[in-house]
Amino acid sequence: MEKFLNYLKLRDKLLLMYVLSVFIPIVLTNVVFYNVTTSNLRNQKIRDADMALDNLKNELRVTIDQGVGLAYSLYGDSIFNKTITRKFTSEKDYVETFNSYLRGALADQNAQGVRWYQVYTDNPTVLASGYIDRLTDKLRDTGWYRQSKASSSRYPTFIYSDQKFSLIQKLNNYHTSGIEQLVKIDLNMERIHQIFFGSTFNGMVYLVDPQGRVQYGNDTAKLPEGVPFKEISYPKNSLAFKNVYSGINYLEGWTLEGVMDEENVLKEVRKSRSFVIWLACINFVLPSIIIAAMSRSIHVRLVRILKHMKKVKAQNFQTIPHEEARDEIGQLTIEFNRMTETVNSLINEVYVADIQKKNLELKQQQAQLHALYSQINPHFLFNSLESVRMRSLIKGEKETAKIIQHMAKMFRKSVSWSHNYVTVREELELIESFLTIQQYRFGDKLEYSIVADPAALEHRIPKMVLLPFVENASIHGIESSPDKGIIAISVAVQRDRLIFRLEDNGIGMSPEKLEELKEYLEENDDIGERVGMKNAYYRLKLCFQDRFMFTMDAREGTGTYIEISLPLMEAAP
Numbered sequence: 010m011e012k013f014l015n016y017l018k019l020r021d022k023l024l025l026m027y028v029l030s031v032f033i034p035i036v037l038t039n040v041v042f043y044n045v046t047t048s049n050l051r052n053q054k055i056r057d058a059d060m061a062l063d064n065l066k067n068e069l070r071v072t073i074d075q076g077v078g079l080a081y082s083l084y085g086d087s088i089f090n091k092t093i094t095r096k097f098t099s100e101k102d103y104v105e106t107f108n109s110y111l112r113g114a115l116a117d118q119n120a121q122g123v124r125w126y127q128v129y130t131d132n133p134t135v136l137a138s139g140y141i142d143r144l145t146d147k148l149r150d151t152g153w154y155r156q157s158k159a160s161s162s163r164y165p166t167f168i169y170s171d172q173k174f175s176l177i178q179k180l181n182n183y184h185t186s187g188i189e190q191l192v193k194i195d196l197n198m199e200r201i202h203q204i205f206f207g208s209t210f211n212g213m214v215y216l217v218d219p220q221g222r223v224q225y226g227n228d229t230a231k232l233p234e235g236v237p238f239k240e241i242s243y244p245k246n247s248l249a250f251k252n253v254y255s256g257i258n259y260l261e262g263w264t265l266e267g268v269m270d271e272e273n274v275l276k277e278v279r280k281s282r283s284f285v286i287w288l289a290c291i292n293f294v295l296p297s298i299i300i301a302a303m304s305r306s307i308h309v310r311l312v313r314i315l316k317h318m319k320k321v322k323a324q325n326f327q328t329i330p331h332e333e334a335r336d337e338i339g340q341l342t343i344e345f346n347r348m349t350e351t352v353n354s355l356i357n358e359v360y361v362a363d364i365q366k367k368n369l370e371l372k373q374q375q376a377q378l379h380a381l382y383s384q385i386n387p388h389f390l391f392n393s394l395e396s397v398r399m400r401s402l403i404k405g406e407k408e409t410a411k412i413i414q415h416m417a418k419m420f421r422k423s424v425s426w427s428h429n430y431v432t433v434r435e436e437l438e439l440i441e442s443f444l445t446i447q448q449y450r451f452g453d454k455l456e457y458s459i460v461a462d463p464a465a466l467e468h469r470i471p472k473m474v475l476l477p478f479v480e481n482a483s484i485h486g487i488e489s490s491p492d493k494g495i496i497a498i499s500v501a502v503q504r505d506r507l508i509f510r511l512e513d514n515g516i517g518m519s520p521e522k523l524e525e526l527k528e529y530l531e532e533n534d535d536i537g538e539r540v541g542m543k544n545a546y547y548r549l550k551l552c553f554q555d556r557f558m559f560t561m562d563a564r565e566g567t568g569t570y571i572e573i574s575l576p577l578m579e580a581a582p
């Protein structure tokens with residue numbers, strides 16, 4: 010292990026120490042804390058869900074028990090049962106009995122959980138009136154009657170039919186002389202709806218019958234009627250809850266099934282995630298700053314010493330700037346400076362004097378050579394061009410004289426660098442001279458337009474930074490195209506920026522070539538063949554840095570578009 014550490018750089022050792030001592034412990038601590046918190050909250054939410062489902066079960070049973078109490082009261086009332094099984098001698102006899110007893114016996118039965126109830130009998134002497142009705146063959150063909158017939162229990166039968174819950178109680182507690190009679194009690198569905206949709210259970214709740222079919226729930230509107238509970242699809246990470254009605258004869262086999270999305274259970278944990286992240290960041294950033302500051306004090310100074318040692322190897326005896334430091338690295342810096350000064354002094358005494366003498370002789374020879382070169386005065390070329398132009402005017406060759414004038418103007422501006430900045434007006438005049446010469450060369454093959462915002466003409470820009478792009482459009486775009494070439498130039502002021510746009514309909518370039526050209530302009534190595542463009546791009550970047558924006562787009566066979574955006578400089582006086 011020690012040998013392995015000896016091969017690591019100091020920066021890597023500090024980084025390894027940081028990762029093992031700070032980063033990994035912080036990450037593990039926060040992961041464990043988050044998982045424990047999530048598990049505890051999940052268990053608490055499950056307990057709350059169980060309790061909410063149990064409360065819903067009890068509230069539903071209370072509502073059903075109100076109907077059961079009514080069923081038991083009619084089932085156990087011997088006088089009521091004997092009365093409705095009695096053979097009445099006439100309709101008058103039944104009406105008198107109904108008004109004197111039956112009306113009051115049935116009207117006193119009232120409960121909040123009961124929506125409606127009806128006593129049915131096939132006693133032919135009983136008339137349909139009030140809460141009593143005849144049990145006909147049509148009623149025997151209904152769904153609720155068939156469900157009640159399937160049960161032979163003496164207890165009320167709890168059924169769901171016609172979108173409501175009902176209790177069917179056979180009134181056969183006493184001898185009925187072969188007469189079939191029963192009471193159908195419809196429960197208050199508004200109350201049941203309120204129980205289901207007002208539950209604190211944060212999920213779906215279903216009331217499932219003994220056959221496993223969903224009869225009611227807080228989302229049954231989205232499910233087919235009587236769908237088996239096992240066929241309901243719910244999210245993969247859902248939590249299932251089940252509460253069975255056991256020990257209750259009339260609800261035997263009925264269950265409450267609850268389904269809760271685990272994401273809802275962990276919603277509060279998700280909300281606290283940002284707090285956990287902030288806490289982790291504090292635990293992470295503070296030690297990181299401390300370790301970074303301490304490691305930088307060591308690493309930066311060691312790298313600086315190593316850098317100066319390499320300079321000594323290249324015979325650059327530069328000393329390290331002095332700083333107040335009393336640790337081992339500070340002492341090493343002081344001793345290195347002393348050694349460098351001593352070695353430099355010895356070398357100067359022996360070799361430098363002789364080298365300086367030879368360098369002086371070489372510079373004198375170069376000065377003589379440059380003096381010979383400078384004997385060719387650029388003014389000689391200007392005067393020669395002017396003489397040619399005047400001779401052309403004398404001979405009536407006005408077009409040739411005009412072109413020579415433009416050439417002289419361009420040459421004079423290109424060799425004169427007394428001013429590094431010019432106005433947009435001057436730059437456009439230079440561009441127009443160039444395009445005039447090119448139009449002279451190409452004839453009708455070239456057409457150009459220059460549109461300039463008057464507000465932009467007096468603003469200053471670096472000299473000859475736009476002309477190279479125009480030249481590239483003319484030579485590489487238009488000259489190689491067999492069709493008529495069009496070059497459109499516009500200069501405008503938009504807010505606080507100067508926008509230069511150049512567009513041609515030349516040969517363009519492929520996407521690969523365009524990308525290669527963009528990379529070439531960004532490189533800082535050799536200039537290459539497009540010396541003008543790269544020189545202009547480099548000077549713009551040097552003058553404006555990140556405030557300079559350059560856009561270039563081209564399509565093969567359709568032309569090239571260039572847009573240069575510069576911050577406004579102070580206008581020329």
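Residues in the sequence shown are numbered consecutively from 10, following my numbering. Glycine included, C-beta positions come from ideal geometry on N, C-alpha and C.
Look at K472 here: in three-state DSSP terms it is coil, with no helix or strand label. Listed as beta-bridge partners of T38 by DSSP are no residues whatsoever. In the DSSP annotation of this structure, S442 is not part of any beta strand (DSSP E); the continuous alpha helix (DSSP H) holding it starts and ends at 433–451.
DSSP places I241 in the coil class of the three-state scheme, outside both helix and strand. Within the same chain, I487, K493, G494 come within 8 Å of K454 by CB-CB distance, once the 5 residues on both sides are set aside. Proximity of the region 289–300 to the region 310–324 falls short of the contact definition, fewer than three beta-carbon pairs being nearer than 8 Å.
Taking the C-beta atoms as reference points, S175 is found no nearer than 7 Å to D146.
Ranked by Cα distance from L136, the first of D171, R95, M348, L288 is R95. With contacts defined as CB atoms closer than 7 Å, Y243 and G226 fail to qualify as a contacting pair. Our two residues, K173 and I201, have alpha carbons roughly 10 Å apart in a direct line. In this structure the region 520–529 does not lie against the region 502–509, because fewer than three pairs of beta carbons, one per stretch, are closer than 8 Å.
If you ignore the 5 residues before and after T185, its C-beta comes within less than 6 Å of the C-beta of T94, all in its own chain and listed in chain order. Counting only the Cα atoms, S161 lies some 10 Å from K179.
Put simply, the region 89–109 touches the region 120–136. At least three CB pairs are less than 8 Å apart.
Distance from M578 to R469 at the Cβ level is roughly 5 Å; contact confirmed, criterion being Cβ atoms closer than 8 Å. Between the beta-carbon of G207 and that of R222 there is about 24 Å, and that puts the pair past the 8 Å contact cut. In this structure H308 does not touch F345 by the C-beta definition: roughly 17 Å separates them, more than the 8 Å allowed. If only complete runs of 3 or more residues are kept, the region 114–199 shows the beta strand (DSSP E) at 123–130, 141–143, 166–170, 173–179, 190–196, in order along the chain.
Annotated as distal: I496 and Y449, with beta-carbon spacing of 7 Å or more. Measuring C-alpha to C-alpha distances from G139 to each of T151, R112, Y547, A501 identifies R112 as the nearest. Within the same chain, Cβ atoms closer than 7 Å to the Cβ of K550 are found at F557, the five residues on either side in sequence being excluded. Contact check between the region 73–88 and the region 46–64: fewer than three CB pairs, one atom from each, fall below 8 Å, which does not count as touching. The criterion of a C-beta distance shorter than 7 Å is satisfied by L475 and E436.
The three-state reading of DSSP puts G267 in strand, counting E and B together.
Under the DSSP definition of a beta bridge, E512 partners with A497, Y570. With a beta-carbon spacing of about 16 Å, P477 and N429 fall beyond the 8 Å limit used to define contacts. Taking C-beta atoms under 8 Å as the contact rule, D270 and S247 qualify, at a distance of about 5 Å. L288 and A301 have their C-alpha atoms roughly 20 Å apart. At the C-beta level, Y457 and E512 stay beyond 7 Å of one another. As the crow flies, the alpha-carbon of Q447 is around 8 Å from that of S483. Of the candidates I516, L444, Y546, G452, the residue whose Cα lies closest to the Cα of I498 is L444.
When secondary structure is reduced to three states using DSSP, P520 falls in the helix class. By the neighbour-count criterion, in which a residue is buried when 16 or more other Cβ atoms sit within 10 angstroms of its Cβ, E266 is buried. Rounded to the nearest whole angstrom, the CA to CA distance from K18 to Q53 is 51 Å.
Secondary structure at S247: strand, using DSSP grouped into helix, strand and coil. Rounded to whole angstroms, R347 and L24 show a C-alpha spacing of 32 Å.
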